[in-house]
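Down below is the structure, laid out as structure tokens.
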Amino acid sequence: MVSSNSDTSYRGRFAPSPSGPLHAGSLIAALGSYLDARAAGGQWLVRIEDIDPPREVPGADAVILSQLEAHGLHWDGPVRYQSQQHALYQSHLDDLHSAGLLYACDCTRKQIKARAPYYTGFCRSRGLAFEQNALRFFNRNPVTTLNDRFHGAVTVQADWAGEDFVLRRRDGLWAYQLAVVSDDREQGITEIVRGSDLLTPTAWQLTLWQALNQVQQRPVNLPRLAHLPLVLGSDGRKLSKQNHAPAIDNNQAAANLTRAIGFLGMHLPTDLEGAAVELQLDWAQAKWPSHVENFTV
Numbered sequence: 001m002v003s004s005n006s007d008t009s010y011r012g013r014f015a016p017s018p019s020g021p022l023h024a025g026s027l028i029a030a031l032g033s034y035l036d037a038r039a040a041g042g043q044w045l046v047r048i049e050d051i052d053p054p055r056e057v058p059g060a061d062a063v064i065l066s067q068l069e070a071h072g073l074h075w076d077g078p079v080r081y082q083s084q085q086h087a088l089y090q091s092h093l094d095d096l097h098s099a100g101l102l103y104a105c106d107c108t109r110k111q112i113k114a115r116a117p118y119y120t121g122f123c124r125s126r127g128l129a130f131e132q133n134a135l136r137f138f139n140r141n142p143v144t145t146l147n148d149r150f151h152g153a154v155t156v157q158a159d160w161a162g163e164d165f166v167l168r169r170r171d172g173l174w175a176y177q178l179a180v181v182s183d184d185r186e187q188g189i190t191e192i193v194r195g196s197d198l199l200t201p202t203a204w205q206l207t208l209w210q211a212l213n214q215v216q217q218r219p220v221n222l223p224r225l226a227h228l229p230l231v232l233g234s235d236g237r238k239l240s241k242q243n244h245a246p247a248i249d250n251n252q253a254a255a256n257l258t259r260a261i262g263f264l265g266m267h268l269p270t271d272l273e274g275a276a277v278e279l280q281l282d283w284a285q286a287k288w289p290s291h292v293e294n295f296t297v
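Letter 70 of the sequence shown, counting from 1, is numbered 70 in full-length UniProt numbering, and no numbers are missing.
Okay, structure coming up:
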């Protein structure tokens with residue numbers, strides 16, 4: 001099992017994609033990571049994950065930042081944009097290539113699905129050119145078990161965890177796995193608190209993190225993990241921008257925050273329900289350490 005060594009200096013982050021404004025589910029993810037950082041006396045950073053232009057909505061980043069501020073979730077330092085980190089991602093890609101951990105793949109999704117439920121490494125030995133093809137990580141030592149503060153010991157299906165996942169897409173855009181791991185390492189992130197929809201892909205991210213530790217000969221401690229429960233719609237699906245979840249209203253920030261705190265299992269005193277966001281956050285921050293001791297998903 002992979003366990004994480006946390007630095008004594010807490011650095012957490014909230015990393016939304018600008019594919020639309022925040023909704024109730026993303027507010028809860030932001031709130032959980034914020035409370036965890038502030039209760040530990042740590043830093044809380046914001047990163048805009050804008051590496052997929054076809055899915056992005058112009059101006060969504062500004063809307064997201066205004067929503068965080070309206071709900072009292074003030075971050076530390078400058079906002080980091082993934083679209084400005086191309087040199088970092090290329091450097092990490094080059095390191096993996098030099099170590100023999102990168103190869104080109106021209107398989108379509110249809111072809112992959114026809115061969116097996118998971119990608120089988122079909123292109124590993126084909127020697128395809130890197131141009132105009134996807135670039136995959138040669139997954140020699142996959143992480144299949146990990147420890148999560150809220151879920152406990154988590155086992156990921158071995159076939160899925162062992163896939164040679166994509167680091168650069170066929171269209172030349174960076175894949176999420178490479179960008180998120182590169183940024184978390186570069187920013188010194190010690191704690192990752194986010195939604196449970198990202199729990200399984202965490203196995204890939206830890207695998208890549210450990211590979212970079214080896215090839216760069218610069219060990220960076222793995223972050224501690226905590227994956228929050230998901231907000232589901234009336235149809236049972238996760239609230240998401242893709243499912244057209246409604247944006248949170250800044251004019252209803254106090255009510256939104258009361259509901260979000262309640263969803264995380266904490267119940268505000270009656271006189272604080274709908275109170276100023278600062279008062280609600282102060283109360284929730286003070287209660288958070290004892291609350292998460294027994295928090296499970």
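For each residue, glycine too, the CB sits at the ideal point set by N, CA and C.
- In terms of CA proximity to Asn147, Val193 leads the group His97, Val193, Asp95.
- Here Tyr34 has Trp44, Leu73 as same chain residues with Cβ atoms under 6 Å from its own Cβ, once five neighbours each way along the sequence are excluded.
- Assigned with DSSP and collapsed to three states, Trp44 falls in strand.
- Under the three-state reduction of DSSP output, His23 falls in the strand class.
- Counting the other Cβ atoms within 10 Å of the Cβ of Phe130 gives fewer than 16, which makes it exposed.
- By the neighbour-count definition (other C-beta atoms within 10 Å, threshold 16), Glu186 is an exposed residue.
- Beta-bridge pairing by DSSP links Gly195 to Leu228.
- Annotation: Leu31 to Leu222 spans about 23 Å, alpha carbon to alpha carbon.
- Put simply, of Gly77, Ser9, Ala211, Ile48 the residue whose alpha carbon is nearest the alpha carbon of His92 is Ala211.
- Secondary structure at Gly262: helix, using DSSP grouped into helix, strand and coil.
- Close CB contacts of Trp75 within its chain, under the 8 Å cut and outside five residues either way in sequence, are with Phe14, Trp44, Leu45, Val46, Leu68 (chain order).
- Cβ atoms of Asn250 and Ala70 come within 8 Å of each other, at about 4 Å.
- A contact is defined here as three or more CB-CB pairs under 8 Å, and the region 10–27 fails this definition with respect to the region 129–145.
- Per DSSP, the continuous beta strand (DSSP E) segment holding Leu135 begins and ends at 134–137.
- Boundaries cannot be given for Val220, as no beta strand (DSSP E) includes it and DSSP labels it neither H nor E.
- Contact between the region 15–27 and the region 254–266 is present: three or more C-beta pairs spanning the two stretches fall below 8 Å.
- Comparing alpha carbon positions, the residue from Pro289, Asp52, Tyr103 closest to Gln82 is Asp52.
- Within the region 138–183, the complete alpha helix (DSSP H) runs of at least 4 residues fall at 158–161.
- No Cβ-Cβ contact shorter than 8 Å links Gly274 with Ala253.
- The Cβ-Cβ distance between Ala226 and Asp36 falls below 8 Å.
- Separation of His151 and Arg224 (C-alpha to C-alpha, rounded to the nearest whole angstrom) is 12 Å.
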